[in-house]
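The next block holds one structure in the form of structure tokens; read it before the comments.
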Amino acid sequence: MMRLKSSLFLGGLAWLLGACLSLPALAASPAPDATLSKLDNATCLSCHDGKKGKLEIAGADGKARELHAVMPDKFGQSVHANMRCVACHTDIRDNAETANAHAKDPALKLAKVDCAGCHQQLWEDAQKAGTAQTKPRLERVVKNIEAYKASFHARPNADDKTKPNASCDNCHDTHSFNVPAKNTPQHDQWRLGIANNCGTCHEDQLDDYSGSIHGKEVLEKKNVKAAVCTDCHSTHAITSSSVDPFKLAVTEQCGTCHEANLKTYMGTYHGQISKLGYTYTAKCYDCHGSHKILKADDPKSMVHINNRLKTCQSCHSGKQELALAPAGFATYQPHGHAGDFDKYPQIWVSWQIMLQLLIGTFAFFWLHTLLWFYREFKERREKAGQPHIKMDNILEKYKGKHVRRFSPIWRLAHVTFALSLMVLTLTGIPLFYPGSPWAVPLMTALGGPHTAGIIHRTSAVFFAGVFFWHLFYIAWRIAKNWSTFKFFGPESLVPNLQDGKDMLAMFKWFFGMGPRPKFERWTYWEKFDYWAPFWGMTIIGVSGLIMWLPNVFGAFLPGWVFNVAAIFHAEEAFLAVVFLFTVHFFNNHFRPDKFPVEVVMFTGTFSLEEFKHEHALEYERLVKSGELEKYLVDAPSPAKLTAAKALAFVLIACGLTLLTLVGIGFFTSL
Numbered sequence: 013m014m015r016l017k018s019s020l021f022l023g024g025l026a027w028l029l030g031a032c033l034s035l036p037a038l039a040a041s042p043a044p045d046a047t048l049s050k051l052d053n054a055t056c057l058s059c060h061d062g063k064k065g066k067l068e069i070a071g072a073d074g075k076a077r078e079l080h081a082v083m084p085d086k087f088g089q090s091v092h093a094n095m096r097c098v099a100c101h102t103d104i105r106d107n108a109e110t111a112n113a114h115a116k117d118p119a120l121k122l123a124k125v126d127c128a129g130c131h132q133q134l135w136e137d138a139q140k141a142g143t144a145q146t147k148p149r150l151e152r153v154v155k156n157i158e159a160y161k162a163s164f165h166a167r168p169n170a171d172d173k174t175k176p177n178a179s180c181d182n183c184h185d186t187h188s189f190n191v192p193a194k195n196t197p198q199h200d201q202w203r204l205g206i207a208n209n210c211g212t213c214h215e216d217q218l219d220d221y222s223g224s225i226h227g228k229e230v231l232e233k234k235n236v237k238a239a240v241c242t243d244c245h246s247t248h249a250i251t252s253s254s255v256d257p258f259k260l261a262v263t264e265q266c267g268t269c270h271e272a273n274l275k276t277y278m279g280t281y282h283g284q285i286s287k288l289g290y291t292y293t294a295k296c297y298d299c300h301g302s303h304k305i306l307k308a309d310d311p312k313s314m315v316h317i318n319n320r321l322k323t324c325q326s327c328h329s330g331k332q333e334l335a336l337a338p339a340g341f342a343t344y345q346p347h348g349h350a351g352d353f354d355k356y357p358q359i360w361v362s363w364q365i366m367l368q369l370l371i372g373t374f375a376f377f378w379l380h381t382l383l384w385f386y387r388e389f390k391e392r393r394e395k396a397g398q399p400h401i402k403m404d405n406i407l408e409k410y411k412g413k414h415v416r417r418f419s420p421i422w423r424l425a426h427v428t429f430a431l432s433l434m435v436l437t438l439t440g441i442p443l444f445y446p447g448s449p450w451a452v453p454l455m456t457a458l459g460g461p462h463t464a465g466i467i468h469r470t471s472a473v474f475f476a477g478v479f480f481w482h483l484f485y486i487a488w489r490i491a492k493n494w495s496t497f498k499f500f501g502p503e504s505l506v507p508n509l510q511d512g513k514d515m516l517a518m519f520k521w522f523f524g525m526g527p528r529p530k531f532e533r534w535t536y537w538e539k540f541d542y543w544a545p546f547w548g549m550t551i552i553g554v555s556g557l558i559m560w561l562p563n564v565f566g567a568f569l570p571g572w573v574f575n576v577a578a579i580f581h582a583e584e585a586f587l588a589v590v591f592l593f594t595v596h597f598f599n600n601h602f603r604p605d606k607f608p609v610e611v612v613m614f615t616g617t618f619s620l621e622e623f624k625h626e627h628a629l630e631y632e633r634l635v636k637s638g639e640l641e642k643y644l645v646d647a648p649s650p651a652k653l654t655a656a657k658a659l660a661f662v663l664i665a666c667g668l669t670l671l672t673l674v675g676i677g678f679f680t681s682l
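Residues 13 to 682, numbered by our numbering, are exactly what the sequence shown covers, in order.
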């Protein structure tokens, strides 16, 4: 009988401890009353010390199972070493009547081990006691618990809904858990074991990872700096790899090691869309794989030159609005940059061309603007109270008259050109500066990249339409007046030697070394404004078309053309926007003689006095030839003038707003 009781006592104790000693925690509830529980750790370990061999007991289902083993030495080094077993295993009770430590008292409601609840209760108690600030590690544990509860691991298991996909003890050994301090040999060893730990559940992923460049570094070479599971998937906030937050986060995680590659990736269309928070473009793992990442020169790598086209076609498959990737895609450089001539010569040369163009253009015209402002402002101050436009030698009958400058069709073309350019800027700058604080809200307001792209390309068609209409009109006009047309006449927009002389005279005037020069119908800066769009339209238009139809151009052009097109398109657009909204606005609206606005392009006329002041040589020529009168018209009505000023102010305000956004984007991206 005594042998039977002893057997029952030991069997019951082993069964309940084996069932409960699998979750780590701190005391979530008060330790059992001494009258009910006299068990200490030594008593528990007398059976659960792993030295009893295959000591088996009958479980509640009648089947025998092995006791859970707790190694005393490892438990003594764990974070829970100073705790009593029954502090966590509150369903283990001493029963004096039966002398059975595992006997259940039906009057007591027994609680299972609850790691999360225990730590959260301790944190709440610490907050109430005002000692929370002294327990940073406990706070971190509680934050990890919250992250875990929202994670993929916390969801009910598909095979057993009563259990989560993974609980605390699946990842942490409950009786030896103790994450070593960082930058110690112990922490390095702990980190090197993460992959195998995850692999106890994720066997297929571990197999792939073991053969990858990351896996070989970790498992074979013991390189603690190489990526392990938690670097990409995080530790507690593990989510499904198919959700958008994970797709965006894992790309950033790749960049924590591969900083240069992340930077170059973010400079591509794929990366720009990702930076804005959208996930439909290719991410790192789409090209390189996820767990089985191989070196690029490995014949089995997804990005090996022999496999690259197939990898591109996994997205550019001819379905879902993406045309089938042609052969040119295989030589596209997703990490190409302008800093390495030997590796990316075409990209380097393209960037140097645009860089010199930007520096040269802005250096000259910004200097020109500053000097002009200084000189004109100085003259206005010296002649304070006097009209800056003299009325001398203007016949009385002509006073109050205006000179017709632009026809209605030219004014319509100008407004269309301006509006389409501003819309192009608005829809293009979020991609150019995706990291700017205004980029995401702006892209959201535009309806997302798909909608913004449609608006952008539609505006491009209008922009190009005005440009080609102008070419057609000029060709028609030249053909019509071929016998009398003069390429270098006074009304021609073709630059000539006189423009160079006028520019030198203007600089002399800037420095007080000569009088202000007189101009014919077109000034040298107006001619620059006219001809610049020919260069700009060619560069922006051709490069934009290449990026719009990559499947067409990729069929016969090498992939690096897309890298070059992206550079030309973005930098030429930057040049056009900044030039127009600084230099062009100054020349026509902001210089002292014009401030606050010039409306000649909106009314089509300006006063005879202003005409004489701005284009003295043309005025003198027309007076001498007797042709002036045929260009004279009545001044616009007050209503028309008010409407013209309102339109001008709206366009100027839009332009300056866009310039501000570009400025913020430029300086925040440095």
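Using N, Cα and C, we set each Cβ at its ideal position, and we do this for glycine too.
C-alpha gap between residue i and residue j, whole angstroms
i, j, result
"HIS101", "PRO257", "38 Å"
"LEU370", "SER362", "12 Å"
"HIS226", "LYS304", "8 Å"
"GLN132", "VAL154", "6 Å"
"PHE565", "PHE597", "37 Å"
"ALA639", "ARG528", "The sequence given here places Glu at residue 639; Ala does not occur at that position. Rounded to the nearest angstrom, the two C-alpha atoms are 25 Å apart."
"MET518", "ARG392", "17 Å"
"TRP534", "LEU634", "14 Å"
"PHE475", "PHE429", "6 Å"
"SER128", "HIS184", "For the record, residue 128 in the displayed sequence is Ala; it is not Ser. Roughly 13 Å separates the two Cα atoms."
"LYS63", "ASN209", "25 Å"
"GLU610", "ALA578", "35 Å"
"PHE522", "LYS492", "42 Å"
"TYR277", "THR247", "26 Å"
"ARG149", "GLN265", "24 Å"
"GLY412", "LYS624", "13 Å"
"LYS513", "SER637", "25 Å"
"ALA656", "ALA665", "14 Å"
"TRP360", "LEU557", "22 Å"
"LEU670", "GLU215", "53 Å"
Contacts around residue i, its chain only, beta-carbon distance under 8 Å, and the 5 residues preceding and following it disregarded
i, result
"HIS282", "THR293, ALA294, LYS295, PRO346"
"TYR356", "GLN345, GLY348, HIS349, ALA350, TRP572, ASN575"
"ILE206", "VAL240, CYS241, THR242"
Range covered by the beta strand (DSSP E) that runs through residue i
i, result
"VAL415", "414-416"
"SER222", "Not the beta strand (DSSP E): SER222 falls in the alpha helix (DSSP H), residues 215-222."
"GLY619", "Contrary to the premise, residue 619 reads as Ser rather than Gly in this sequence. Note, SER619: beta strand (DSSP E), 617-619."
7 Å CB neighbourhood of residue i in its chain, flanking five on each side removed
i, result
"LEU204", "VAL230, LYS234, VAL236"
"ALA585", "GLY440, ILE552"
"GLN145", "none"
"LYS539", "LEU505, PRO507, ASP511"
"ASP541", "HIS596"
"LYS606", "ASN600"
Close Cβ partners of residue i (< 6 Å) along its chain, the five nearest in sequence each way excluded
i, result
"VAL612", "ARG417, PHE618"
"PRO604", "GLU388, PHE389, ARG392"
"ALA159", "HIS248, ALA249"
Run of the alpha helix (DSSP H) containing residue i, from where it starts to where it stops
i, result
"LYS312", "Per DSSP, LYS312 belongs to no alpha helix (DSSP H) and is neither H nor E."
"ARG393", "357-394"
"TYR281", "281-287"
"ASN493", "That residue, ASN493, is in no alpha helix (DSSP H); it is neither H nor E in DSSP."
"ALA54", "53-57"
"GLN201", "197-204"
"TYR238", "The sequence shown places Ala at residue 238, not Tyr. It is not in any alpha helix (DSSP H) - ALA238 carries neither H nor E in the DSSP assignment."
"GLU232", "Note, GLU232: premise wrong, no alpha helix (DSSP H); not H, not E."
"GLU333", "First-last for GLU333: undefined, no H or E at that position."
"ASN575", "572-591"
"GLU630", "628-637"
"GLN265", "256-269"
Whole-Å CB distance - residue i paired with residue j, under 8 Å assumed
i, j, result
"LEU682", "VAL452", "That pair is no contact at about 19 Å."
"LEU336", "SER224", "With a Cβ gap of about 29 Å, LEU336 and SER224 do not count as contacting."
"ARG423", "GLY616", "6 Å"
"GLU630", "GLU532", "5 Å"
"CYS244", "VAL262", "5 Å"
"LYS147", "ALA138", "5 Å"
Evaluate contact between the segment 424-436 and the segment 463-473, counting only Cβ atoms and requiring at least three cross-stretch pairs below 8 Å.
Flag = yes, the segment 424-436 and the segment 463-473 touch.
Check whether the segment 385-395 and the segment 300-317 touch, using three or more Cβ-Cβ pairs below 8 Å as the test.
The answer is no - the segment 300-317 does not touch the segment 385-395, with fewer than three Cβ pairs under 8 Å.
Check whether the segment 89-104 and the segment 179-199 are in contact - that is, three or more C-beta pairs closer than 8 Å.
By the Cβ test, the segment 89-104 is in contact with the segment 179-199, since at least three Cβ pairs between them sit closer than 8 Å.
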